[in-house]
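Heads up: the structure comes next, in structure tokens.
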Amino acid sequence: MQLRIAELYCLAERHFVKRFKRPAILLNLRGETAGQAWPERNQLRLNRVLLEENQQHFLKHTLGHEVAHLIADQVFGRKIRPHGREWTFIMEQVFNLPAKRTHSYDTSQAAKRPFAYICKCPDKVIHLSAIRHNRALRGTVYQCASCKEPLKLKSQ
1 MQLRIAELYC
11 LAERHFVKRF
21 KRPAILLNLR
31 GETAGQAWPE
41 RNQLRLNRVL
51 LEENQQHFLK
61 HTLGHEVAHL
71 IADQVFGRKI
81 RPHGREWTFI
91 MEQVFNLPAK
101 RTHSYDTSQA
111 AKRPFAYICK
121 CPDKVIHLSA
131 IRHNRALRGT
141 VYQCASCKEP
151 LKLKSQ
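In terms of the UniProt record's numbering, the sequence shown opens at residue 1 and continues consecutively.
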């Protein structure tokens, strides 16, 4: 992982003829998100489970995606769109990677969704994360993508 990050930074430094400070790396991200870049902290947060399950793709694409956010911030400033033309340029022209915004990893082992909700669809159970469950308790209304009915917490 460190080697891949160093490789990405070398590509950026060669392209922009500029040195970039290497980021702090945390493997503490959970759930369905593979990675997060925090430019204000010069930090990468990565999902250890998704890294281990998708190592080759993760190292190439997800690390490229997140490092591109940090580089874009340092080159173009904070007022750019997260997946805008600056980030896309770095992904495609500097890293030679497709500028995809999302991954397609199987997140069943990484995502814990313990809260079961139901709708009007027969025998359908929709599992929400703790964050969404807490939002629902505070009044956010989630609806079924199929029947468009509001979700209700399933009684045990």
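Backbone N, C-alpha and C fix where the C-beta goes; we use that ideal spot for every residue, glycine too. In this text, all values refer to a predicted model and were calculated from it rather than measured experimentally.
Which partner residues does residue i have in the DSSP bridge list?
| i | result |
| --- | --- |
| residue 117 | 126 and 153 |
| residue 35 | 46 |
| residue 12 | DSSP, once it has assigned bridges, lists no residue as partnering residue 12. |
| residue 26 | 45 |
| residue 143 | 150 |
Identify which residue in the options has its Cα closest to the Cα of residue i.
| i | options | result |
| --- | --- | --- |
| residue 72 | 124, 17, 106 and 12 | 12 |
| residue 155 | 118, 100 and 7 | 118 |
| residue 107 | 50, 97 and 5 | 50 |
| residue 88 | 68, 152 and 109 | 68 |
| residue 58 | 2, 135 and 80 | 2 |
| residue 55 | 4, 153 and 124 | 4 |
| residue 32 | 152, 81, 124 and 130 | 130 |
| residue 97 | 60, 25, 151 and 80 | 60 |
| residue 78 | 16, 39 and 21 | 39 |
So, for residue i: in the same chain, excluding its five sequence neighbours on each side, which residues have a beta-carbon less than 6 Å away from its beta-carbon?
| i | result |
| --- | --- |
| residue 115 | 128 and 133 |
| residue 48 | 27 |
| residue 41 | none |
| residue 103 | 34 |
Exposed or buried, residue i, counting other C-beta atoms within 10 Å across all chains shown (16 or more means buried)?
| i | result |
| --- | --- |
| residue 62 | buried |
| residue 137 | exposed |
| residue 92 | exposed |
| residue 23 | buried |
| residue 29 | buried |
| residue 110 | buried |
| residue 52 | exposed |
| residue 70 | buried |
| residue 153 | exposed |
Which same chain residues, not among the five before or five after residue i, have their C-beta less than 8 Å away from its C-beta?
| i | result |
| --- | --- |
| residue 66 | 35, 36, 37, 44 and 46 |
| residue 120 | 144, 147 and 149 |
| residue 140 | 132 |
| residue 83 | 99 and 101 |
| residue 124 | 118, 144 and 146 |
In chain order, what residues of the same chain have a beta carbon less than 7 Å from the beta carbon of residue i, not counting five sequence neighbours either side?
| i | result |
| --- | --- |
| residue 240 | Here the chain comprises residues numbered 1 to 156, so residue 240 is not present and cannot be evaluated. |
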